[in-house]
Amino acid sequence: MKLFVFLAFSLFAGTFVKAQSAVDFANLTKYKDENTSILSSKKKVDVVFMGNSITEGWVKSHPEFFSENNYTGRGISGQTTSQMLLRFQNDVVALKPKLVIINAGTNDIAQNTGIYDPDFTFNNIKAMADIAQNNAIKVIIASILPAAEFPWRKEITDVPQKVDALNHRLKQYTSSKKLIFVDYNSAMRDAQGGMREGLSKDGIHPVPAGYTIMEPMIKNAIHKALGKK
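Residue numbers (my numbering): 225 to 453.
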């Protein structure tokens, strides 16, 4: 059944990408050259970080954290889970990592590519986890970071409540599947559910002080997932 779902998704994704080739909805070309270089060099990839601007900004803010630990960043600014799911084969599975970190959902709630549907977003994240596990890739799911509002979509209301609700579902899911859930949100939130002062530049995107909190949390989780001490 899982194989059928994966094959059906692959066929859908291929058809969708052809139809959208002029637009490249999922930005499949962003990491194309880097992925080709990794595959041609036969370099072994330990961990891939799949995400949005929070992940992309992390690599730019502290590249040594990634290079020194053999971590590979595959974040794309502004992306929703729909876009990540479409590029998951190219940017994660094809690299054959031991482990993938999935940090997604912020831009779904911000409605970057359409009306927010919690079930749709949750199922996209779950689908990425399923695809990874079907390819012998271990999975860590990270919480959505705290946010009081979206600077580019101030009309969206109840942002902390929407973030908390999705994080709760992700935590329950990881518990039921015996996956690791990394709760950045609890470590970085203020009393109102937004980002603590000094940890971000705009209430959404971490500055170095924010990533400094995240790094030991994710590194400990990676060691646990890979059986390292």
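Glycine included, each C-beta is placed from N, C-alpha and C at the ideal position.
The count of Cβ pairs closer than 8 Å, one atom from the segment 345 to 362 and one from the segment 375 to 385, stays below three, leaving the stretches out of contact. The C-beta distance from G418 to A372 rounds to 3 Å, short enough to fall under 8 Å. According to DSSP, S264 shares a beta bridge with no other residue. Contact between the segment 317 to 328 and the segment 362 to 371 is present, with at least three C-beta pairs closer than 8 Å. Contact check for K386 and I333: beta-carbon distance about 5 Å, within the 8 Å limit, so the pair qualifies. In the structure shown, the three-state DSSP call for A353 is helix.
When beta bridges are read from the DSSP output, R298 appears opposite M274. In this structure, the alpha-carbon of D388 lies about 22 Å from that of S301.
In the three-state reduction of the DSSP assignment, A449 falls in the helix class, which pools H, G and I.
In this structure, the beta-carbon distance from G329 to L390 falls below 8 Å.
Judged by DSSP secondary structure, A389 falls within the alpha helix (DSSP H) whose first and last residues are V383 to S400.
Three or more beta-carbon pairs drawn from the segment 246 to 253 and the segment 306 to 315 are found closer than 8 Å, and the two stretches are therefore classed as touching. Nearest neighbour of N259 by Cα position, chosen from E292, G297, G275 and K284, turns out to be G297. Apart from the 5 residues on each side of it in sequence, T305 sits with its Cβ closer than 7 Å to the Cβ of A328, G329, D332, T345, N348 and I349 in its chain, given in chain order. Boundaries for F312: no beta strand (DSSP E) harbours it, while the alpha helix (DSSP H) harbouring it runs T305 to D315, taken from the DSSP string.
Separation of V271 and G427 (C-alpha to C-alpha, rounded to the nearest whole angstrom) is 27 Å.
For F249, there is no enclosing alpha helix (DSSP H), as DSSP gives it neither H nor E.
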